[in-house]
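**Student:** Sharing a structure with you now.
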Amino acid sequence: MQNLINKGITYFGRFTQEQWIWMAVAGVILIYVLYNRKKYIGLFDNAVIMAETSFKYGENKRKLNAAVKFVEVRTETLPIPAKLLIRHFLSRKRIIYTIEKTLQKFSDTFGSGRKIDIDEEEENGSN
């Protein structure tokens, strides 16, 4: 244990003044973010809600539909096995799942962890 402490002291002892200043700046920023965490949670939640709404109703829904159509059109001339494989991995359902998981991780890490469901109205309509 004493050896580990001595190694730590030696390691930190080799830092230059500039490195100590940057570590102090990073520490101040970290303390500020932790102190104002509630404000940032609201900010991140609003960002996730805006992204989710955009994928349900806005510009990103049109972009998603265009991307799916692009994959379908571009894979028409490919051999059947390649076409099936590409369409399976770049299907609308898989793309939406990936976007939902990304937004969910963002919400869990930085926000309040609210549930993300981009394709809610389509799932309700098909049941």
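Reminder that position 89 of the sequence shown reads as 89 in the UniProt record's numbering, one-by-one numbering, no gaps.
Quick reminder that beta carbons are idealized off the backbone N, C-alpha and C, glycines included.
1. For Asp45, which of Asp119, Phe106 and Ile118 has the nearest alpha-carbon?
2. Which same chain residues end up closer than 7 Å to Thr75 when comparing Cβ atoms and leaving out the 5 residues on each side of it in sequence?
3. Measure the alpha-carbon distance for Leu43 versus Ile29 and round it to whole angstroms.
4. Using a threshold of 7 Å, state whether the C-beta atoms of Val95 and Phe55 are closer than that.
5. Helix or strand or just coil, what does DSSP make of Phe110?
6. Would you kindly work out how many angstroms separate the C-alpha atoms of Gly27 and Phe12, rounded to a whole number?
7. Quick one, which of Phe15, Val25, Ile116 and Asn65 has its alpha-carbon nearest Lys101's?
8. Which residues bound the alpha helix (DSSP H) around Leu43?
9. Where does the unbroken alpha helix (DSSP H) through Lys118 begin, and where does it stop?
**Tutor:** Concretely, from the data shown:
1. By 1-based counting over the sequence shown, the position of residue 45 is 45. Closest by alpha carbon: Phe106.
2. Position 75 of the sequence shown holds residue 75. Around Thr75: Lys83, Ile86 and Arg87.
3. Numbered from 1 along the sequence shown, position 43 holds the residue referred to as residue 43. Numbered from 1 along the sequence shown, position 29 holds the residue referred to as residue 29. Annotation: Leu43 to Ile29 spans about 17 Å, alpha carbon to alpha carbon.
4. As a working note, residue 95 is residue 95 in the sequence shown. As a working note, residue 55 is residue 55 in the sequence shown. The residue you asked about is not Val; residue 95 is Ile in the sequence shown. Not in contact: Ile95 and Phe55 (Cβ atoms no closer than 7 Å).
5. Your numbering for residue 110 matches position 110 in the sequence shown. The answer is helix: DSSP assigns Phe110 an H, G or I state.
6. Against the sequence shown, residue 27 aligns to sequence position 27. Against the sequence shown, residue 12 aligns to sequence position 12. Looking at the two C-alpha atoms, the distance is approximately 16 Å.
7. By one-based count along the sequence shown, residue 101 stands at place 101. Ranking Phe15, Val25, Ile116 and Asn65 by Cα distance to Lys101 puts Ile116 first.
8. Within the sequence shown, numbered from 1, the residue matching residue 43 stands at position 43. Following the DSSP letters along the chain, one finds Leu43 inside the alpha helix (DSSP H) bounded by residues Arg37 to Tyr57.
9. For the purposes of this step, residue 118 is identified with residue 118 of the sequence shown, where counting begins at 1. For clarity, residue 118 is Ile in the given sequence; the question names Lys instead. No alpha helix (DSSP H) holds Ile118; DSSP gives it neither H nor E.
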